[in-house]
Every structure is written in C-alpha cells, then in structure tokens.
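Novice: Dropping a structure here in structure tokens format, bear with me for questions.
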Amino acid sequence: MEIKPTGGTLGARIEGIDLGKPLTDQDFRTILRALGAHGVLCFPDQTLGVDAFAAFGGRFGELEINVANRFHEPGHPEMMILSNIKRDGQPIGAGDAGQGWHTDMSYSHDIALANILHAQEVPQRDGKPLGDTQFLNMHAAYEDLPADLKTRLAGRTATHDFAKFWDMMRARPGNTRPPLTDEQRAKKPPVKQPIFRTHPITGRYVLYCNPGYAMRIDGMEEGESADLLDFLFRHQSQEKFLHAHHWTRGDVLMWDNIGTTHNAVADYREDEPRYMRRVQVMATLDYGKLAA
Ligand code: SIN
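In the numbering used here, each residue's number is its place in the sequence shown (first place is 1) plus 210.
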C-alpha cells in the first residue's frame, strides 16, 4: 500500500490495495492513521461488490442505517444509494444528499467516524468530472481560531438537529423530500455536542460545529449565539481549509466525519448520471488504541 498525500490541507491517494479482500490488521491500522493524518482518503480503481464494500466499512465500526432509509442497495439497508438516476420515472436513490455544508451524524447522540462512498457512475461534461465532494479541515479551523474565542467556547456545547438540514433541503424549489414523520423525529431528537472535541485518532481538538445541523450555542443568549455561530461558520469555510475531490468511476472515498465537514456539489444535470454507494461508519471502537 502506498500513501500519496495531496500536499494540500486534506487528502491522500492510497494505491496498491484491493479493498475487495479482507484487510490485514496492519493495513487496517495504516488506513486508520492515514484517516487521522489526511482526513480524506481516495482508493482509486476499486471493483468491490456490495458485500465486500459493507465488510470494508464494517471493519471500522458499526454501520448506520439512515433514519430516512428511503433508498438502499437490496439486502443492505446500511448501504444508501445516492443518485439522480430514475428508472420507470422513479428515483433509484437520494438525489440531493449532502448538498450543503454539514457533518454526518453530528445530529446523533452517537457520532460517526467516517463516511465511505464507492463511485459507480460519475457525471461528466466536456471530459471533466462533475459532482465534486468538497471538504473543510476542522483540525486546522480549530487551531486557527483566535485564542480568546477558544477560551470563551471551551467546554461549551451546541444543539444539533437532524431536521435543520432536512427542512433546508425541503425548502428548495422542486425538492421531493417528504416531511419527517413523528417516528423519524422521535428517533433523532436534537442533541448537544461539544463545540471543540478531541479527535479519537489524532488526540487533537477539532471544531465540531457545522452549518447543516448546529442550531444554537447552549446556555447563551439567542443573539450572541447566532453571532458566534455565524462567525464559526464563516471562519471554517475559508479557502485555506478547503479540499475538493474530483471523482473517477471506481474511486472509494473514505473521509473523517469528526475532523472534516463536507458538501456535495450539484453542478450536473438530470441527464448526467451520478450513482454512489455510501456507508456511514459509527464511532464505536477505541480508535486511539487501534491506531497506536
Ligand atoms: C454525503 O453527504 O455523504 C454525500 C456526498 C456526495 O454525494 O458527494
């Protein structure tokens, strides 16, 4: 296995490994360390099927079954289909997943370590890939905060709510997401998350507060909370923290869901097909120990 960092704020390409085969303990540890160090890992030219993809993801922690659970691969409720493709006039996947800056599962009491996508179809125009996934580096965003703000927000929490992103998507013209049911709401009630949290692999602080789900800073007057959230969201979105992944069919992309935020760029049309398989790995293991 060869790890080639992009040289930018995030990202590395990992070659010389077939993810269709069971990982050795050594490979597992190398990938975990690389995830902490680079945040976004691209494994190009992977041909693994759904069972092997689930097995690869499952090696890193329990796989989440999404609360909306509308589109998944047959026999794999934990493997969502993200796609704009329609068959017989019906969508085969979630067409608008992740289109806005967010961190998956920050709305959940138990948070996620990673998302992993396997590119089945990548939209193209004039020979160039479309539908990038963009990332922001939350280790760097934390480190770059003014010292007085680090002190002011230390130990503070923010409330995150699954419904924030869902309703934001629903408000878009032509969006077809149904309203959340009472049952779905009950499964994912708003939760408090530390604004700064220790990353389980690196042991360093990250800024864990994203515009997709964070609603307010707890125990703070509404106006002050809104101003501070606005500052944190603008701070983290600076160009110097940005990495964009340009997809190629066959890429498996694994990203750190604690140390990054991400955004799916919807710059392709209905006749430019995109099809991704996705699993979400919950942070259910002792990663500090496993990466040591
Ligand atoms: C996601 O937010 O997990 C989806 C990202 C993408 O489809 O690019």
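Yeah, the Cβ is synthetic: ideal placement off N, Cα and C, and Gly gets one too.
#1: Taking 8 Å as the limit between beta carbons, can you name the residues of its chain near Met425, skipping five residues before and five after?
#2: DSSP three-state call for His282: helix, strand or coil?
#3: What residues in its chain sit with their C-beta under 6 Å from that of Gly303, if we drop five residues either side in the sequence?
#4: Once you ignore the five residues that flank Ala324 on each side, which residues in its own chain have a CB closer than 7 Å to its CB?
#5: Quick check on Arg243: does DSSP put it in helix, strand or coil?
#6: Tell me, please, which residues DSSP counts as bridged to Asn347.
#7: Going along the chain, which residues of its own chain have a beta-carbon closer than 8 Å to the beta-carbon of Lys214, five neighbours each way excluded?
#8: CB of Ala505 to nearest heavy atom of ligand 1: below 6 Å?
#9: Can Thr471 and Leu346 be called in contact, C-beta distance under 7 Å?
#10: Applying the 10 Å Cβ sphere with the 16-neighbour rule, what's the burial state of Phe253?
#11: Can you give me the start and stop residues for the beta strand (DSSP E) that Phe451 sits inside?
#12: Going along the chain, which residues of its own chain have a beta-carbon closer than 7 Å to the beta-carbon of His319, five neighbours each way excluded?
#13: Taking 6 Å as the cut-off, is the C-beta of Asn325 nearer than that to any heavy atom in ligand 1?
#14: Going along the chain, which residues of its own chain have a beta-carbon closer than 7 Å to the beta-carbon of Gln403, five neighbours each way excluded?
#15: Output the boundary residues of the alpha helix (DSSP H) element that contains Gly380.
#16: Does the region 456–463 come close enough to the region 231–239 to have 3 or more Cβ pairs within less than 8 Å?
#17: Using a threshold of 7 Å, state whether the C-beta atoms of Thr219 and Phe451 are closer than that.
#18: Distance, Cα to Cα, Glu482 vs Gln334?
#19: Check for me: the alpha helix (DSSP H) holding Arg269 runs from which residue to which?
#20: Does the Cβ of Arg487 have 16 or more other Cβ atoms within 10 Å, making it buried, or fewer, making it exposed?
#21: Please report the distance separating the alpha-carbon of His445 from that of Leu355.
#22: Fully enclosed by the region 298–361, which beta strand (DSSP E) runs are 3 residues long or longer?
#23: Which stretch, first to last residue, makes up the beta strand (DSSP E) that contains Leu390?
#24: From what residue to what residue does the beta strand (DSSP E) around Leu500 run?
#25: Quick check: Thr494 and Glu272, are their CB atoms within less than 7 Å of each other?
#26: Where does Arg567 sit, in a helix, a strand or coil, going by DSSP?
Specialist: On the basis of the supplied data:
#1: Ala368, Thr369, His370, Asp371, Lys374, Pro400
#2: strand
#3: Phe281, Ile291, Leu292, Ser293
#4: Leu245, Phe270, Met464, Trp465, Asp466, Asn467, Val491
#5: helix
#6: Thr470
#7: Ala222, Arg223, Ile224, Glu225
#8: For residue 505 there is no data in the structure shown, the boundaries of the chain being 211 and 502.
#9: yes
#10: buried
#11: Taken as a continuous stretch (DSSP letters only), Phe451 belongs to no beta strand (DSSP E), as it is neither H nor E.
#12: Val401
#13: yes
#14: Ser316, Thr367, Ala368, His370, Tyr418
#15: The residue asked about is misnamed: residue 380 is Arg in this sequence, not Gly. First-last of the alpha helix (DSSP H) with Arg380: 372–380.
#16: no
#17: yes
#18: 7 Å
#19: Element bounds for Arg269: n/a, residue is neither H nor E.
#20: buried
#21: 8 Å
#22: 322–331, 343–347
#23: Premise fails: Leu390 is in no beta strand (DSSP E) and is neither H nor E.
#24: Premise fails: Leu500 lies in the alpha helix (DSSP H), 497–501, not in any beta strand (DSSP E).
#25: yes
#26: Since the first residue of the chain shown is 211 and the last is 502, residue 567 is not available in this structure.
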